[in-house]
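A.B. asks: Per the working numbering, the sequence shown starts with residue 27, numbered consecutively.
Backbone N, C-alpha and C define an ideal beta-carbon position, used for all residues, glycine too.
Just so you know, these numbers come straight off a predicted model, no measurement behind them.
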Amino acid sequence: MPFKLTVVASDSEFDELVRCEFDAYESPQCNLKQLFFPIQGSSPTARDAVVQDAVKLQT
């Protein structure tokens, strides 16, 4: 896949961007990402809660 930069036009686009970032750093796992955004618990919603917190920090 070629490298491509795009402009984030609005805050609503950060949700998709941050989700993509989390997906990219999960395999292989990035321990630095876990340091800044630790997933608390093992429930199915735990990861989504961390992603939403990360989105709030970006906007």
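Starting from Q78, trace the alpha helix (DSSP H) in both directions and tell me its first and last residue.
C.D. replies: 72–84
A.B. asks: For V44, count the other beta carbons within 10 Å of its own beta carbon; 16 or more makes it buried, fewer makes it exposed. Which is it?
C.D. replies: buried
A.B. asks: So, do the region 74–83 and the region 48–63 have three or more beta carbon pairs nearer to each other than 8 Å?
C.D. replies: The count of Cβ pairs closer than 8 Å, one atom from the region 74–83 and one from the region 48–63, reaches three, so the stretches are in contact.
A.B. asks: In this structure, does DSSP put S69 in helix, strand or coil?
C.D. replies: DSSP places S69 in the coil class of the three-state scheme, outside both helix and strand.
A.B. asks: How many whole angstroms separate the CB atoms of T85 and F40, which I take to be in contact at a CB cut-off of 8 Å?
C.D. replies: Taking the Cβ atoms as the reference, T85 lies roughly 5 Å from F40, within the contact range of under 8 Å.
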